[in-house]
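Going by full-length UniProt numbering, 46 is the number at position 46 of the sequence shown; the sequence numbering is gapless. Every residue gets a Cβ at the ideal spot worked out from N, C-alpha and C, and that includes glycine. All figures in this text were calculated on a predicted structure; none of them were measured in a lab.
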Amino acid sequence: MTSAGPVSEGPCRLLTHKDYAVGEVGSLIKPTDIEPCDQVGTEELGASALFDLTRALVRVKALQDRCAAKEGVVTRVRNHNTNLMNQQGQYKEAVRILNKELQEVKEKLTEVSSQNDKLQKEVTALGEKLQTAGADAIKDFKVSQPFFDSCGEYYGIGFEDCLQQVASAYPELDLSGITMDDGDNSFRQPTPRCDDSVVLAQPAASDSPAVTVDVEDHRTNGKDADVPAP
């Protein structure tokens, strides 16, 4: 920014130092440049100079207006550039925060994946233990007294059902003397004595006893003979 009047201090400039400015301009104008003005009258020379000065002022005013318009554009561009720089700074900060959050999520995902693998191994091990425990429990139950008691009760009911089926199929037989053997060999499956014997209905257990009744036709003189108890 220039001063309102000429100064005498500081570095010499055309806009601030009057003597320096006059000397510089005077050194540019040669005597041969002034000779044409000697042929023009003083009044005409003054009027011409005033006209030239007026035109120069008009041009300066036009330049001033144009510079003012350009200055507004420059100001708007500078403000827009400042806003863009601020937005860029905000975007950079947002990107930095997002990258940090992404890194944290990746770390958590890695930790969760590791825990998931560990849990999968534990589930597999527990499943194997469960299968083994189930098989052992079934095996132990099959040799326990409650299992034998329940089987005895089940076989007793089945024995009575078998007697009823035989009595229904062979009403002429006397089955009153047939009883179920409750001894130590109750779980041993007997072998049928002949092909003509009738095997009573048995439970589904593979080690269940089979009760057989000999239904051979013992006829004497056309009469049925009593079937002895086995």
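Within the model, the alpha-carbon separation for residue 161 versus residue 172 is close to 18 Å. When rounded, the separation of the alpha-carbon atoms in residue 150 and residue 143 is 12 Å. As the crow flies, the alpha-carbon of residue 83 is around 20 Å from that of residue 70. By the neighbour-count criterion, in which a residue is buried when 16 or more other Cβ atoms sit within 10 angstroms of its Cβ, residue 166 is buried. Rounded to whole angstroms, the separation of the alpha carbons of residue 72 and residue 79 is 10 Å. Note on residue 159: 16 or more other CB atoms within 10 angstroms of its CB, so buried under the neighbour-count rule.
Cβ-Cβ separation between residue 14 and residue 21: approximately 5 Å, consistent with a contact (criterion under 8 Å).
Counting only the Cα atoms, residue 38 lies some 57 Å from residue 81. Taken through DSSP and simplified to helix, strand or coil, residue 178 comes out as coil. In this structure, the alpha-carbon of residue 64 lies about 27 Å from that of residue 23.
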